[in-house]
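Below is one structure, written out as structure tokens; the observations come after it.
Numbering (this note's numbering), first residue to last: 10 to 385.
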């Protein structure tokens, strides 16, 4: 009888533990994307260009939600092509909002924001654009592309130009044609993809700066994230491109406001792309000085540096002091800690350390210089 009672007590205790675990259940993996908050803003990891079988993608909308949860994303948009519907023979898509509705239902028990969006699909010019935060995708269906952009504006959407390098010449050079100039002049486009899938466009980045546009980076996923970005061309350490949005909170209104205010940095292939005003504070929050000290009877300053983000960093030491074990190049992996030893020749009370972040881009062919004050 005592054995039976003990068994019952064990089962009850085990059930309580499992229930507690399920109540805090998360799909996020150990390799999921992670970035710190900055400047009083929440750093939200967003992928606002994805496809499902409701346009030319290969998966059901619920799969996109699960993939996003595994990557620890905060917000997504399933931006189905409005006009290009190759699966109509199998999936009569009479309601262009359907993939959004399915994703919304799948995500209802998770902390993932689902943003309604669509892709306005035309040959270049004007090319493709995503309209996100729309009210009704069906109302964007027009023969004339300009009417679709105007309707997106009527719905107070945020619109960004997709893969602007896809030109008739197929030379991967982004440039402003007359049609897209008019769309920009009419404030019908507010952002531009500087990264789409595995492609980075320095020309698109320059267009963004010239026209004061929001920087966007997206996966434009059609197949599986696991294959296209982790087990496929980019290898096991790969990740999808995302837009880091610096938002006041996790509401759609705040995310939308942040996009219109150009508060974004793009994360692509372990590279950060953005304006210095956001990029440098982000890097400073990612790289944290944990300890700094001199060993007894030593003129070598030891600094313990922690990377709290999931992004690897490649730093170039610009200090007047050389390092004991490193050349001027310093690599620190995501979610890791390294020890640096500066040959200071004397006991310092503080060190103003400057370094170039080689895997960050603040303008075409340019990298930001970050400064950290090390106080002993």
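Glycine is no exception: its CB is placed at the ideal position from the N, C-alpha and C atoms.
Pairwise C-alpha distance: residue j and residue i
i: residue 369; j: residue 99; result: 44 Å
i: residue 238; j: residue 247; result: 5 Å
i: residue 86; j: residue 150; result: 18 Å
i: residue 47; j: residue 255; result: 8 Å
i: residue 195; j: residue 360; result: 50 Å
i: residue 146; j: residue 74; result: 19 Å
i: residue 126; j: residue 312; result: 47 Å
i: residue 160; j: residue 82; result: 29 Å
i: residue 367; j: residue 270; result: 27 Å
i: residue 116; j: residue 122; result: 8 Å
i: residue 140; j: residue 124; result: 10 Å
i: residue 62; j: residue 232; result: 10 Å
i: residue 153; j: residue 250; result: 31 Å
i: residue 72; j: residue 66; result: 11 Å
i: residue 316; j: residue 42; result: 13 Å
i: residue 188; j: residue 218; result: 19 Å
i: residue 197; j: residue 142; result: 14 Å
i: residue 332; j: residue 53; result: 36 Å
i: residue 324; j: residue 371; result: 15 Å
i: residue 207; j: residue 304; result: 46 Å
i: residue 164; j: residue 353; result: 60 Å
i: residue 267; j: residue 56; result: 15 Å
i: residue 105; j: residue 97; result: 12 Å
i: residue 295; j: residue 355; result: 29 Å
i: residue 236; j: residue 69; result: 16 Å
i: residue 33; j: residue 78; result: Low confidence applies to residue 33: its pLDDT is 42, below 50, so where it sits in the model is not reliable enough to give any reading.
i: residue 109; j: residue 276; result: 25 Å
i: residue 310; j: residue 203; result: 40 Å
i: residue 138; j: residue 168; result: 7 Å
i: residue 308; j: residue 302; result: 10 Å
i: residue 31; j: residue 120; result: In this prediction, residue 31 has a pLDDT of 39, which is less than 50 and means its spatial position is unreliable; what the coordinates show is noted afterwards. Computed Cα separation, rounded: 15 Å.
i: residue 166; j: residue 300; result: 47 Å
i: residue 103; j: residue 172; result: 27 Å
i: residue 107; j: residue 185; result: 34 Å
i: residue 18; j: residue 118; result: Note that residue 18 has pLDDT 45, beneath the 50 cutoff, so the model's placement of it is unreliable and no number is given.
i: residue 114; j: residue 59; result: 17 Å
i: residue 156; j: residue 293; result: 44 Å
Beta-carbon gap between residue i and residue j smaller than 8 Å
i: residue 339; j: residue 326; result: yes
i: residue 364; j: residue 330; result: no
i: residue 319; j: residue 343; result: yes
i: residue 373; j: residue 144; result: no
i: residue 199; j: residue 227; result: no
i: residue 170; j: residue 201; result: yes
i: residue 298; j: residue 358; result: no
i: residue 205; j: residue 229; result: yes
i: residue 289; j: residue 377; result: yes
i: residue 272; j: residue 50; result: yes
i: residue 349; j: residue 335; result: yes
i: residue 192; j: residue 135; result: yes
i: residue 95; j: residue 133; result: no
i: residue 341; j: residue 321; result: yes
i: residue 174; j: residue 213; result: yes
i: residue 44; j: residue 253; result: yes
Element boundaries [alpha helix (DSSP H), containing residue i]
i: residue 302; result: First-last for residue 302: 296-303, but that is the beta strand (DSSP E), not the alpha helix (DSSP H).
i: residue 269; result: 261-269
is_contact[residue i, chain C] using C-beta, thresh 8 Å
i: residue 138; result: The structure shown contains no chain C; it is built from a single protein chain.
Run of the beta strand (DSSP E) containing residue i, from where it starts to where it stops
i: residue 224; result: 223-227
i: residue 322; result: 322-326
i: residue 214; result: Here residue 214 belongs to no beta strand (DSSP E); instead the alpha helix (DSSP H) covers 211-219.
i: residue 338; result: 338-341
i: residue 379; result: 378-384
i: residue 252; result: 251-256
i: residue 331; result: Counting along the chain, residue 331 falls outside any beta strand (DSSP E), and DSSP gives it neither H nor E.
Output the residue ranges of the alpha helix (DSSP H) runs that lie fully inside the stretch 113-192 and measure 4 residues or longer, sorted by chain position. Runs of the alpha helix (DSSP H) inside the stretch 113-192: 154-163.
Cβ contact check for the stretch 256-264 and the stretch 278-297: 3 or more pairs under 8 Å: Flag = no, the stretch 256-264 and the stretch 278-297 do not touch.
Alpha helix (DSSP H) runs contained entirely in the stretch 58-90, provided each spans 4 or more residues: Counting only runs of 4 or more, we get 70-79.
Beta strand (DSSP E) runs wholly inside the stretch 339-374, at least 3 long, in chain order: The qualifying runs are 345-352 and 359-366.
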